[in-house]
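**Student:**
Residue numbers (our numbering), protein chains in the order written: chain A, 9 to 272; chain B, 9 to 272.
1. Rounding to the nearest angstrom, what Cα-Cα distance links residue 206 of chain B and residue 79 of chain B in this structure?
2. Could you give the distance in angstroms between the alpha-carbon of residue 22 of chain A and the alpha-carbon of residue 47 of chain A?
3. In angstroms, rounded to a whole number, what distance separates the CA positions of residue 71 of chain A and residue 252 of chain B?
4. Is residue 208 of chain B buried or exposed, if buried means 16 or more other CB atoms sit within 10 Å of its CB?
5. Under a CB-based cut-off of 8 Å, is residue 158 of chain A close to chain B?
6. If you draw a straight line from the alpha carbon of residue 231 of chain A to that of residue 239 of chain A, how long is it in whole angstroms?
7. Does residue 22 of chain B have its Cβ less than 8 Å from a Cβ in chain A?
8. Quick check: what's the CA-CA separation for residue 243 of chain B versus residue 136 of chain B?
9. Need the endpoints of the alpha helix (DSSP H) that residue 224 of chain A sits in, please.
10. Between residue 106 of chain A and residue 171 of chain A, what straight-line distance do the alpha-carbon atoms span, to the nearest angstrom?
11. Since residue 19 of chain B and residue 127 of chain B should fall inside the 8 Å C-beta cutoff, what is the C-beta to C-beta distance between them, to a whole number of angstroms?
12. Which residues does DSSP list as the beta-bridge partners of residue 19 of chain A?
13. Which whole-angstrom value is the C-beta distance of residue 144 of chain B and residue 99 of chain B, which I expect to be below 8 Å?
14. How big is the Cα-Cα spacing for residue 168 of chain B and residue 111 of chain A?
15. Quick check on residue 253 of chain B: does DSSP put it in helix, strand or coil?
16. Report the three-state DSSP secondary structure of residue 104 of chain B (helix, strand or coil).
17. Give the straight-line distance between the Cα atoms of residue 122 of chain A and residue 53 of chain B, rounded to the nearest whole angstrom.
18. On the DSSP letters alone, give me the boundaries of the alpha helix (DSSP H) that residue 4 of chain A sits inside.
19. Determine which residues share a DSSP beta bridge with residue 87 of chain B and list them.
20. Does residue 272 of chain B have its Cβ less than 8 Å from a Cβ in chain A?
21. Helix, strand or coil for residue 182 of chain B? Go by DSSP, reduced to three states.
22. Does DSSP put residue 120 of chain B in a helix, a strand or coil?
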């Protein structure tokens with residue numbers, strides 16, 4: 009029924025950019041910020057650049073790892089400045105926003121979505137990108153594509169607010185960060201969110217990857233001393249097509265039946 | 009580098025609708041038509057309703073099954089009039105067209121895409137929908153959603169031509185049915201299509217499902233006498249997230265290693 013957006017900044021080195029990000033979020037009605045391995049978010053410069061979005065910075069959560077920051081998320085969108093050699097397709101900002109709008113429609117259960125922004129110069133590491141279920145790129149002039157980090161947060165927040173909100177211009181914003189799909193007058197009651205019918209959380213996916221790893225090592229398919237690209241390719245596939253809770257349960261069941269066959 | 013569109017009509021009962029579909033396709037620059045279990049496509053009424061799109065009807069291919077009709081396809085889009093109880097999300101016509109436009113960009117290899125239309129009254133059967141990698145619904149007035157089959161083909165063909173063509177209005181159409189992404193002047197040479205880096209074909213997917221079935225029966229996870237929803241749910245998951253050829257090869261490798269473990 010609604011999509012809850014969490015912004016995650018990873019490795020930000022300039023405090024001013026954290027302030028700019030908070031300001032960009034708040035202007036578009038978002039408020040939930042998580043920080044991984046960034047500079048000080050309550051520094052004087054961060055607060056100054058936030059220009060009144062102090063509350064966003066003050067309520068920001070610090071996490072030790074990106075894995076921890078997205079553990080409760082159903083969709084994890086990584087932002088990427090560069091076109092890399094990836095099997096996951098890079099998608100436009102608008103296309104992702106449109107997908108989230110469709111997910112926030114009447115009858116859909118609640119989902120938590122992380123928008124992840126990497127370090128100013130280097131962006132997100134491959135390890136961080138491996139935790140993402142979608143990759144977003146802001147279309148830019150190919151001859152001049154260096155978008156400032158605060159500007160990138162602003163564009164993403166703007167595009168999400170345009171797609172997700174159904175309120176007229178000038179009207180007061182709904183509960184920040186949480187957009188509800190437009191409701192028809194006699195719409196059916198909202199189903200309670202059954203975790204089996206939501207995409208698995210990042211935490212559940214980690215348990216699945218550990219299980220898959222164990223089975224592949226036991227059958228001799230994966231040599232743990234020489235995993236080459238195997239682990240990453242499997243992770244990329246299942247993360248970019250994150251299964252529902254109920255589908256993940258089937259995969260776990262198959263893996264368990266391989267470990268303990270009922271007959272041969 | 010380009011997306012090749014094939015229209016597939018399944019179980020059409022009125023010859024006039026085949027003519028209307030051919031006409032709708034041709035008006036938008038498409039020409040490849042495949043027919044599964046339909047009425048006579050070269051009847052007088054079909055030819056009359058095609059209104060000059062006789063060539064589309066005459067070159068249409070007849071196939072015995074939908075599986076055969078989409079065997080060479082990388083993406084299979086089922087059209088659905090009704091909102092059903094499905095784990096696969098129903099997507100709007102525009103959202104699918106937009107995705108195909110992104111796939112037809114510079115640097116992308118050739119992909120064959122089937123647009124599948126079901127029977128006038130009943131639509132596509134569940135068995136047919138199980139062969140689809142995407143589900144498309146044309147947004148309609150909820151109080152009056154009965155769209156004529158020919159009109160549905162027209163809307164889909166229009167939306168695809170709008171998204172896929174980069175030619176100005178009034179300019180001659182490119183090679184019908186095959187749209188190329190816009191090419192920058194000094195774009196890199198088009199890579200030849202490596203099947204490993206394309207979504208697996210429908211035929212390769214069938215082999216994978218047979219293999220998965222065999223392994224699940226051998227481990228005792230699947231009772232072939234009582235498969236319940238297991239097979240369908242797995243099929244739905246992997247079809248709506250169709251792996252690349254290289255990813256499918258990894259899955260097949262894991263299954264083979266389960267059948268013939270190298271060590272224990």
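Glycine included, C-beta positions come from ideal geometry on N, C-alpha and C. The structure displayed is predicted, hence computed values, not measured ones.
**Tutor:** Taking the structure as given:
1. 14 Å
2. 7 Å
3. 34 Å
4. buried
5. no
6. 10 Å
7. no
8. 12 Å
9. 210-226
10. 6 Å
11. 4 Å
12. Its beta-bridge partners do not exist; DSSP assigns none.
13. 6 Å
14. 23 Å
15. helix
16. helix
17. 55 Å
18. Residue 4 of chain A is absent from the model: chain A starts at 9 and stops at 272.
19. B:144
20. The pLDDT assigned to residue 272 of chain B is 49, lower than 50, so where the model puts this residue is not dependable; a value taken from the coordinates is nonetheless given after this. Chain A contact via Cβ: present.
21. Note that residue 182 of chain B scores a pLDDT of 46, beneath 50, so its modelled location is shaky and nothing firm can be said.
22. strand
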